[in-house]
Amino acid sequence: MIEPKVVRIHRVENGSLKAFVDLSVNDSLLIKGLRVVEGKHGPFVTMPQQQAADRKWYDVVRCLKNEVKEQISDIVLYAYQNE
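Numbering-wise (this note's numbering), the sequence shown opens with residue 310 and increments by one.
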């Protein structure tokens, strides 16, 4: 299993966008630019995205297992709410 750890939280409070988060995985991989967004049912985490030539936004990092996505989301939201 992975060991994600929040390295940095940059609060922006710009409309529904609440923060950018950098996440370390197993102290070996750094994922920059996760976002905390306020939705209809509360805050949620999105992966970093990049705009393509077709002007659409696509995830740069994808979780292949739902359990990993949930684990990352839980850790990021906990850190954001308790900072």
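For every residue, glycine included, the Cβ atom is placed at its ideal position computed from N, Cα and C.
So, at 6 Å on beta carbons, what are the nonlocal neighbours of K314 in its own chain, with the 5 sequence-adjacent residues on each side left out?
Residue numbering aside, residue 314 sits at position 5 when the sequence shown is read from its first letter. Closer than 6 Å at Cβ, skipping near neighbours: S333.
Taking C-alpha atoms, which residue in G351, H350 and V346 lies nearest to P357?
Walking along the sequence shown from the start, residue 357 turns up at place 48. Nearest option by C-alpha distance: V346.
For E347, the first and last residue of its enclosing beta strand (DSSP E):
Your numbering for residue 347 matches position 38 in the sequence shown. Where E347 is concerned, the enclosing beta strand (DSSP E) stretches over L338 to G348.
Continuous alpha helix (DSSP H) stretch holding V385: start and end
By 1-based counting over the sequence shown, the position of residue 385 is 76. Looking at the DSSP string, the run of the alpha helix (DSSP H) that includes V385 is N375 to Q390.
Could you tell me which residues DSSP pairs with V277 in its beta bridges?
As shown, the chain starts at 310 and ends at 392. That puts residue 277 outside it, with no answer to give.
Starting from the Cα of S382, find the closest Cα among F329, Y367, E322 and N323 and give me that residue.
As a working mapping, residue 382 is identified with position 73 in the sequence shown. Minimum Cα distance to S382 is reached at F329.
Just verifying my parser: in three-state terms, what is the DSSP assignment at G351?
For the purposes of this step, residue 351 is identified with residue 42 of the sequence shown, where counting begins at 1. The answer is strand: DSSP assigns G351 an E or B state.
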